[in-house]
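Visitor:
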Amino acid sequence: MHFKAPAETSKLRLSDLFLDVCVKFSLPKIATAPFCPPEVAGSVAVDPNASFFKRVLRFAGPGLLVSIGYMDPGNWATAIEAGSRFGYSLLFVVLLASLAGMVVQCLCSRLGIATGRDLAQLSRERYSTPTARLQWVLAEISIIATDLAEVLGCALAFHLLLGCSLTFGIALTAFDTLLVLALQNRGFRRLEAIMLVLVATIGVCFFVELLLIKPYWPDVAQGFKPSLAAIGEAAPLYLAIGILGATVMPHNLYLHTSIVQTRMIGKDLASKQDAVKLARIDTIGSLALALLVNAAILILAAAAFHQSGHTDVVDIQDAYHLLDPLVGGALASVLFGVALLASGQSSTFTGTIAGQVIMEGYLNLRIPCWQRRLITRGLALIPAFIGVWLMGDNAIGKLLVLSQVVLSLQLPFALYPLIRMTNDKKLMGPFVNRWPTRVLAWGLFVVISGANSWLILQWAV
Numbered sequence: 001m002h003f004k005a006p007a008e009t010s011k012l013r014l015s016d017l018f019l020d021v022c023v024k025f026s027l028p029k030i031a032t033a034p035f036c037p038p039e040v041a042g043s044v045a046v047d048p049n050a051s052f053f054k055r056v057l058r059f060a061g062p063g064l065l066v067s068i069g070y071m072d073p074g075n076w077a078t079a080i081e082a083g084s085r086f087g088y089s090l091l092f093v094v095l096l097a098s099l100a101g102m103v104v105q106c107l108c109s110r111l112g113i114a115t116g117r118d119l120a121q122l123s124r125e126r127y128s129t130p131t132a133r134l135q136w137v138l139a140e141i142s143i144i145a146t147d148l149a150e151v152l153g154c155a156l157a158f159h160l161l162l163g164c165s166l167t168f169g170i171a172l173t174a175f176d177t178l179l180v181l182a183l184q185n186r187g188f189r190r191l192e193a194i195m196l197v198l199v200a201t202i203g204v205c206f207f208v209e210l211l212l213i214k215p216y217w218p219d220v221a222q223g224f225k226p227s228l229a230a231i232g233e234a235a236p237l238y239l240a241i242g243i244l245g246a247t248v249m250p251h252n253l254y255l256h257t258s259i260v261q262t263r264m265i266g267k268d269l270a271s272k273q274d275a276v277k278l279a280r281i282d283t284i285g286s287l288a289l290a291l292l293v294n295a296a297i298l299i300l301a302a303a304a305f306h307q308s309g310h311t312d313v314v315d316i317q318d319a320y321h322l323l324d325p326l327v328g329g330a331l332a333s334v335l336f337g338v339a340l341l342a343s344g345q346s347s348t349f350t351g352t353i354a355g356q357v358i359m360e361g362y363l364n365l366r367i368p369c370w371q372r373r374l375i376t377r378g379l380a381l382i383p384a385f386i387g388v389w390l391m392g393d394n395a396i397g398k399l400l401v402l403s404q405v406v407l408s409l410q411l412p413f414a415l416y417p418l419i420r421m422t423n424d425k426k427l428m429g430p431f432v433n434r435w436p437t438r439v440l441a442w443g444l445f446v447v448i449s450g451a452n453s454w455l456i457l458q459w460a461v
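Per UniProt numbering: the sequence shown ends with 461, consecutive numbering throughout.
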């Protein structure tokens, strides 16, 4: 006997087709914590009766995970080239780009706290199915582009520190899935602690680097002073736009709106208002740390290369090899390599979480986190292997630039709905953006989108 399936179950969804064609894994209803935020939502209790300082410490964490995207390997090449070619003069661009990132990420945390949903879930609810599916595809592309930068950064670190080939270094990055497996069923707070260690490693490495190189600090301070003359020509303007375009990462918008919900807060207005304030402190503090790291990379390049006449250092590996003879010891280059490895590896975890958020939010679908990690890393390995095979060591710099261009293309598609939603009174209630915030947000959207478009056109030409 044949039974006719109901119409709504007989239709094959795009998401089902994608998974059937691309991967034959079982799809359990429950994914693996802590990489699936809905499973750990409200798992970190914040005592409303505790002191303000204790509440700040308890709420700290989501901003730290977001800050990792602001200092991933994709940002290194631009900062190194800017410092080696133009000295400290573009430090103010790093500062302004970081301030723009703080504004955008504060909007993300407010959206997550006010609505209890993330950007992907809200996009699925508020946009038509074709539009939401298009946003999903673009978001997945941004995840793969981000992972490509992580692959290249880690592979290059292995190559520099261990002396292995780039091809072997790329292959080694596939094993980071084991790290995801090792953390399955662990608490979200433990994941945040690991991220803190990795970020601290990056910070300490660059702090020691600056002590070894001894930059002239009055010139450094002058570099933070905004100057139109510093970007008056095409070359520095191009790099300035590159710094701006690579700062705000599209996957971070989805990530932040979701992981901010890991904090257990009350449903009343006062509790949410306190949570928004605590999230703002967490975000600004964490991105201030990312600002220091990005500034340190540029200062390192300016002091070590520009001041010694090496104004043509544009690749990460060139910077690594030049540090030994210029600084006078192997410690500087080793610290540089360790920081690069920590930068690439830390993004493994945040990329996995962002991927889970995007897939579940847009498709209402969960898969085990290690499978998600394996799929994304496998897709990122393909261009990495092909690039190194065709172009050799020169592929790293070109592929890093390509990954940043792809991310620049995706950013407006995530930033636009974020601003629209946080401006919506019905959705946000008392947390809706006030008019100064609206003007600032739309201004940033125009500047970032325009800068990204100009950068892409220059790259294409």
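The beta carbon of each residue, even a glycine, is placed where N, CA and C say it ideally should be.
With a threshold of 16 other CB atoms inside 10 Å of the CB of Asp274, please say whether the residue is buried or exposed.
Guide: By the 10 Å Cβ count, Asp274 comes out buried.
Visitor: Mind checking who Ala45 pairs with in its DSSP beta bridge?
Guide: According to DSSP, which records beta bridges pairwise, Ala45 is partnered with Met264.
Visitor: In three-state terms, what does DSSP make of Pro215?
Guide: If DSSP states are grouped into helix, strand and coil, Pro215 belongs with coil.
Visitor: Consult DSSP for Ala384 and reduce its assignment to one of helix, strand or coil.
Guide: In the structure shown, Ala384 sits in a helix (DSSP, three-state: H, G or I).
Visitor: From Phe431, Lys425, Leu427, Leu411, pick the residue whose C-alpha is nearest to that of Gly101; which is it?
Guide: Nearest option by C-alpha distance: Leu411.
Visitor: What does a CB cutoff of less than 8 Å around Tyr127 pick up in its chain, not counting 5 residues either side in sequence?
Guide: Counting only Cβ-Cβ distances below 8 Å, and skipping sequence neighbours, we find Gln135, Pro417.
Visitor: Does the structure place the region 63 to 80 close enough to the region 217 to 236 that three or more beta carbon pairs sit under 8 Å?
Guide: Because the criterion of three Cβ pairs below 8 Å is not met, the region 217 to 236 and the region 63 to 80 do not touch.
Visitor: Which value, in whole angstroms, describes the spacing of the CA atoms of Ala304 and Leu107?
Guide: Looking at the two C-alpha atoms, the distance is approximately 38 Å.
Visitor: Out of Ser408, Ser89, Gly266, point me to the one whose CA is closest to Pro218's CA.
Guide: For the residues Ser408, Ser89, Gly266, the minimum Cα distance to Pro218 belongs to Ser89.
Visitor: Please report how far the alpha carbon of Ser453 lies from the alpha carbon of Val93, in whole angstroms.
Guide: So the alpha carbons of these two residues sit roughly 18 Å apart.
Visitor: Quick check on DSSP: helix, strand or coil for Lys272?
Guide: It is helical.
Visitor: Thr247 and Ser98: beta carbons closer than 8 Å?
Guide: Yes, the pair counts as a contact, with Cβ atoms nearer than the cut-off.
Visitor: Assign Leu162 to buried or exposed, taking buried as 16 or more other Cβ atoms, counted over all protein chains shown, within 10 Å of its Cβ.
Guide: Leu162 is exposed by the Cβ-count criterion.
Visitor: Within 10 angstroms of its Cβ, does residue 528 collect 16 or more other Cβ (buried), or is it exposed?
Guide: Since the first residue shown for the chain is 1 and the last is 461, residue 528 is missing from the structure and cannot be characterised.
Visitor: Is the beta carbon of residue 463 sitting closer than 8 Å to the one on Leu148?
Guide: No answer is possible for residue 463: the residues shown for the chain start at 1 and end at 461.
Visitor: Nearest-angstrom Cα distance between Val276 and Gly74?
Guide: Going from the Cα of Val276 to the Cα of Gly74 covers about 30 Å.
Visitor: Would you be able to state if there are at least three C-beta pairs under 8 Å between the region 386 to 400 and the region 309 to 318?
Guide: Judged by Cβ distances under 8 Å, the region 309 to 318 makes contact with the region 386 to 400, as three or more pairs qualify.
Visitor: With a CB to CB cut of under 8 Å and the five nearest residues on each side skipped, what residues in its chain are close to Leu341?
Guide: Correct list, in chain order: Gly153, Cys154, Ala157, Phe158, Leu161.
Visitor: Output yes or no for whether 8 Å exceeds the beta carbon distance between Ala82 and Leu298.
Guide: For Ala82 and Leu298, yes; Cβs fall inside 8 Å.
Visitor: Using the three-state DSSP reduction, which class does Ser15 fall into: helix, strand or coil?
Guide: Because the pLDDT at Ser15 is just 46, under 50, the model does not fix this residue reliably, and the value given afterwards should be weighed accordingly. If DSSP states are grouped into helix, strand and coil, Ser15 belongs with the helices.
Visitor: Alpha helix (DSSP H) containing Phe53: first to last residue?
Guide: From DSSP, the alpha helix (DSSP H) with Phe53 extends over 52 to 59.
Visitor: Can you tell me which of Pro48, Val40, Val44 puts its alpha carbon nearest to the alpha carbon of Ser271?
Guide: Nearest C-alpha to Ser271: Pro48.
Visitor: Got a sec? Which residues, its chain only, sit under 8 Å from Ile113 by beta carbon, not counting five neighbours each side?
Guide: Closer than 8 Å at Cβ, skipping near neighbours: Val260, Gln261, Ile265, Lys272, Ala275, Val276, Ala279, Phe431.
Visitor: Taking only runs of the alpha helix (DSSP H) that begin and end inside the region 50 to 111, which ones reach a length of at least 4 residues, in chain order?
Guide: Entirely contained in the region 50 to 111, the alpha helix (DSSP H) runs reaching 4 residues are, in chain order, 52 to 59, 62 to 67, 73 to 86.
Visitor: Is the distance from the Cβ of Ala120 to the Cβ of Ile281 below 8 Å?
Guide: Cβ atoms of Ala120 and Ile281: not closer than 8 Å.
Visitor: Kindly give me the distance between the Cβ atoms of Thr146 and Gly351, rounded to whole angstroms, as I take these residues to be in contact under 8 Å.
Guide: Indeed they touch by this definition, with Cβ atoms about 6 Å apart.
Visitor: Mapping DSSP to helix, strand and coil, what is Gly153?
Guide: Helix at Gly153.
Visitor: For a quick check, are the C-beta atoms of residue 508 and His251 less than 8 Å apart?
Guide: No information on residue 508 is available, as it lies outside the stretch 1 to 461 that the chain covers here.
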